[in-house]
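Student: Supplied in structure tokens, the structure appears directly below.
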Amino acid sequence: MSKVTTFYENVERSFDKAATYTRFPEGLLEQIKLCNSVYKMKFPVKTGGSDVKVIEAYRVQHSHHRMPTKGGIRYSIHVSQDEVMALAALMTYKCAIVDVPFGGAKGGIKISPRNTSPALLEKITRRYTAELIKKNFIGPGTDVPAPDYGTGEREMAWILDTYLTLKPSEVEGYGCVTGKPVSLNGIRGRTEATGRGVVYGLNEIVSYKDDMEALGLSTGLDGKRIVVQGLGNVGFHAANIITEYGAKVIGVAELEGAIYCEEGLNVKKLLKYRKTNGSIIGFPGSKEVKGENAGLEIDCDILIPAALESQITMKNAHKIKAKIIAEAANGPITPNAEEVLLKKGVMIIPDIYINAGGVTVSYFEWLKNLSHVRFGRMNKRFEEYTQSNMLDVIEKSTNKNISKRERSSVVRGASEIDLVNSGLEDTMIEAYQTIREAKRKNKITDLRTAAFYVSIVKIADAYGSMGIFP
Ligand code: NAD
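Quick note, the sequence shown lines up with residues 634 to 1103 if you use the numbering used here.
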């Protein structure tokens, strides 16, 4: 029987495998691999009456080779030091792959957000932020949190408000956290960015004829049969946006079970249904798929695990029927299970690439906060005038009338959301091309190793430029 390894050990294992393709000195590889700072804290909160609860929380900064460090904050009863260290490490490699100039970090609070009242969640979030400030573990130039599992805009707003209260005159204070509401200097498109990035990445991946032929699939997302695990922030937006490309979401798995519908599920209606009924089971037109984690085993072209780590293990890897697995969640496949899947010919798109859309748009948000101006504000109208003048010249020189409709389809200055989405799409396409090319050039057999290889080379290059290593 193979030894059960921890999440952090799994990340190290992927790193070590990729490192064998490089020729960097051992000391440099060790420096890249290890966590630079680990902050474990305990603090009390009053839970009502005279009751006090001691809260366990973490912030891990994996790599200081680029500052600030960056990474989400997770609220879950399963949070542990090992988990936060693993997630922080993944952030470093992720940022390098998509050329986001940050080191990796992650935070976690060991609580169940579902079973904690909003008032208590606010109290805990504010105290956690104060603890981070005390130890200089938060700030626009030091460490910038964002949402992750169990957190969203609301928690980011509490973090921002606490930070600005305790550091009132910091001109760049709004850049202390990303994933904020737009009304608090967040950026349009951040909420759906991770899910949208998954779709942009997949759209590029399925465009290579030889890769798709090897899997017995046609090119393009149109008509692809998708299964999603976890209908939270990442899973919902990935599922919703992928249908705009003609794909069908034929299965969804949530905590309470899984459902299936060959004609395709309307995920917007499904999310509403779950909010009203507390479950996806019974959604009109769908069939329940029974069995523990059975949703993952539905026959499909692309499986998108978007819930938590270690979902595909030695227990169920042999039962997976998907041809492509896109790791929208962090670490959903254990290394031993990955070996089984790769032997079966499954294409695994690694988390450090495919879910990097969130941090990419967080980077855009941070830039917006530091520049104190919305993207598109300075140039939108100017672009429209230039385009309109050009059409006037064409009209005059060709003696042809350009209709109002034609004009309005051409004359359009870029707004913030246009720029965010095009920047995200470009990032995901370019990063995949780099990984695919590294895989080919170095004769690497899987995409995860190729993705780790790309990040190790980029981070080593940063250390090299500092003159720390030859
Ligand atoms: P979320 O809390 O919004 O949603 C997670 C969903 O998964 C919830 O609906 C939950 O009920 C469901 N879930 C939990 N366990 C499940 C199980 N065993 N089976 C089926 N469903 C289950 O979290 P999120 O922000 O969407 O994050 C999901 C994953 O994506 C995490 O691994 C996270 O680290 C990763 N991620 C998130 C972001 C981001 O921007 N939020 C960015 C990169 C990676």
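Here a beta-carbon is modelled for each residue, glycine too, at the ideal position from N, C-alpha and C.
Between the C-alpha atoms of Ala871 and His698, what's the straight-line distance to the nearest angstrom?
Tutor: Taking the sequence shown and counting its residues from 1, the one referred to as residue 871 is at position 238. Taking the sequence shown and counting its residues from 1, the one referred to as residue 698 is at position 65. Roughly 31 Å between the two C-alpha positions.
Student: How would you write the range of the alpha helix (DSSP H) that Met674 sits in, first residue to last?
Tutor: For the purposes of this step, residue 674 is identified with residue 41 of the sequence shown, where counting begins at 1. Taken as a continuous stretch (DSSP letters only), Met674 belongs to no alpha helix (DSSP H), being part of the beta strand (DSSP E) at Ser670 to Gly681.
Student: Between Ala959 and Ile838, is the Cβ-Cβ spacing less than 9 Å?
Tutor: Mapped onto the sequence shown, residue 959 falls at position 326. Mapped onto the sequence shown, residue 838 falls at position 205. Yes; because the gap between Cβ atoms is below 9 Å, this pair is in contact.
Student: Thinking C-alpha only, which one of Lys686, Asn949 and Thr725 is nearest Lys756?
Tutor: Position 123 of the sequence shown, counting from 1, holds the residue named residue 756. It is Lys686.
Student: Would you kindly report the start and end of the unbroken beta strand (DSSP E) that includes Val922?
Tutor: The residue labelled residue 922 in the question sits at position 289 within the sequence shown. Run containing Val922: Lys920 to Val922, per the beta strand (DSSP E) assignment.
Student: Going by the CB atoms, is the gap between Asn1012 and Gly1046 shorter than 9 Å?
Tutor: Residue 1046 sits at position 413 when you count from the first residue of the sequence shown. Residue 1012 sits at position 379 when you count from the first residue of the sequence shown. Cβ distance < 9 Å, so Gly1046 and Asn1012 count as in contact.
Student: Can you list, in chain order, the residues of its chain with a C-beta nearer than 7 Å to that of Gly783? Leave out the 5 residues immediately preceding and following it.
Tutor: Here residue 783 refers to the residue found at position 150 when the sequence shown is read from its first residue. Counting only Cβ-Cβ distances below 7 Å, and skipping sequence neighbours, we find Arg707, Tyr708, Ser709 and Pro746.
Student: Please report the residue range of the alpha helix (DSSP H) in which Ile982 lies.
Tutor: Residue mapping note: residue 982 aligns to position 349 of the sequence shown, counting from 1. No alpha helix (DSSP H) holds Ile982; the beta strand (DSSP E) holding it covers Met980 to Ile982.
Student: Less than 8 Å between C-beta atoms, sequence neighbours within five positions excluded: which residues of the same chain meet that for Thr655?
Tutor: In the sequence shown, the residue the question calls residue 655 occupies position 22. Excluding sequence neighbours, Thr655 sits near Leu662, Tyr1086, Ile1089, Val1090 and Ala1093.
Student: Which one or two residues does DSSP pair with Val731 in a beta bridge?
Tutor: Counting from 1 along the sequence shown, the entry for residue 731 is found at position 98. None, per the DSSP bridge assignment.
Student: For Val1043, which residues of its own chain have a beta-carbon under 7 Å away from its beta-carbon, when the five flanking residues on both sides are left out?
Tutor: Here residue 1043 corresponds to residue number 410 of the sequence shown, with the count starting at 1. Excluding sequence neighbours, Val1043 sits near Gln1020 and Leu1024.
Student: So, at 8 Å on beta carbons, what are the nonlocal neighbours of Leu974 in its own chain, with the 5 sequence-adjacent residues on each side left out?
Tutor: Taking the first residue of the sequence shown as position 1, residue 974 is located at position 341. The residues are Ile945, Ala950, Ile953, Ile958, Ile966 and Ile981.
Student: Does Val693 come out as helix, strand or coil in the three-state DSSP assignment?
Tutor: As a first step, residue 693 must be located in the sequence shown, where it is residue number 60. Val693 falls in the strand class under three-state DSSP.
Student: What ranges does the alpha helix (DSSP H) occupy inside the stretch 966-1049, keeping only unbroken runs of at least 4 residues that lie completely in it?
Tutor: As far as the stretch 966-1049 is concerned, its whole alpha helix (DSSP H) runs of at least 4 residues are 968-976, 984-987, 990-1004, 1013-1031 and 1037-1043.
Student: For Arg699, does the three-state DSSP call read helix, strand or coil?
Tutor: Residue 699 sits at position 66 when you count from the first residue of the sequence shown. Coil at Arg699, not helix or strand.
Student: Below 6 Å CB to CB, which residues in the same chain sit around Ala891 once its five sequence neighbours on both sides are set aside?
Tutor: Translated into positions along the sequence shown, residue 891 becomes position 258. Cβ within range, chain order: Val922, Ala927 and Gly928.
Student: If distances are taken between C-alpha atoms only, which option among Ser802, Tyr761, Asp781 and Gln714 comes closest to Trp791?
Tutor: Position 158 of the sequence shown, counted from the first residue, corresponds to residue 791. The candidate whose alpha carbon is nearest that of Trp791 is Tyr761.
Student: Let me confirm a value: Ala940 is counted as buried when at least 16 other C-beta atoms fall within 10 Å, else exposed. Which label applies?
Tutor: Position 307 of the sequence shown holds residue 940. So Ala940 ends up on the buried side.
Student: What is the C-beta distance between Tyr726 and Ile987, in whole angstroms, given that I count them as a contact (C-beta under 8 Å)?
Tutor: Residue mapping note: residue 726 aligns to position 93 of the sequence shown, counting from 1. Residue mapping note: residue 987 aligns to position 354 of the sequence shown, counting from 1. 13 Å between Cβ atoms; not a contact.
Student: Under the rule that 16 or more other beta-carbon atoms within 10 Å means buried, what is Ala752, buried or exposed?
Tutor: Looking up residue 752 in the sequence shown gives position 119. Result: exposed.
Student: In chain order, what residues of the same chain have a beta carbon less than 6 Å from the beta carbon of Thr1082, not counting five sequence neighbours either side?
Tutor: On the sequence shown, position 449 is the one that residue 1082 refers to. The residues are Lys650 and Ala651.
Student: According to the Cβ coordinates, are Val644 and Ala719 closer than 9 Å?
Tutor: Your numbering for residue 644 matches position 11 in the sequence shown. Your numbering for residue 719 matches position 86 in the sequence shown. In this structure, Ala719 lies closer than 9 Å to Val644 by Cβ.
Student: Beta-carbon within less than 7 Å of Ser1048's beta-carbon, same chain only, minus the 5 sequence neighbours each way: which residues are those?
Tutor: Position 415 of the sequence shown, counted from the start, is the residue given in the question as residue 1048. Within the same chain, Ser1048 has close Cβ partners Gly1009 and Lys1013.
Student: Taking the straight line between their C-alpha atoms, what separation do you get for Met820 and Gly1056?
Tutor: Working through the sequence shown from its first residue, we reach residue 820 at position 187. Working through the sequence shown from its first residue, we reach residue 1056 at position 423. The amino acid at residue 820 is misidentified as Met; the sequence shows Ile. So the two alpha carbons sit approximately 13 Å from each other.
Student: Using alpha carbons as the reference points, say which of Asn748, Lys1072 and Gly834 lies closest to Asp1059.
Tutor: Taking the first residue of the sequence shown as position 1, residue 1059 is located at position 426. The shortest Cα separation from Asp1059 among Asn748, Lys1072 and Gly834 belongs to Gly834.
Student: Where does the unbroken alpha helix (DSSP H) through Lys905 begin, and where does it stop?
Tutor: For the purposes of this step, residue 905 is identified with residue 272 of the sequence shown, where counting begins at 1. That run of the alpha helix (DSSP H) goes Val900 to Asn910.
Student: Any contact of the stretch 860-871 with the stretch 844-851, i.e. 3+ C-beta pairs under 8 Å?
Tutor: Touching, no, given that fewer than three Cβ pairs across the two stretches are closer than 8 Å.
Student: Whole beta strand (DSSP E) runs in the stretch 936-964 with 3 or more residues, listed along the chain?
Tutor: Those beta strand (DSSP E) runs which fall completely within the stretch 936-964 and span 3+ residues are 957-959.
Student: Taking Glu805 as the reference, which of Lys813, Gly772 and Leu799 has the closest Cα?
Tutor: In the sequence shown, the residue the question calls residue 805 occupies position 172. Of the candidates Lys813, Gly772 and Leu799, the one whose C-alpha sits nearest the C-alpha of Glu805 is Gly772.
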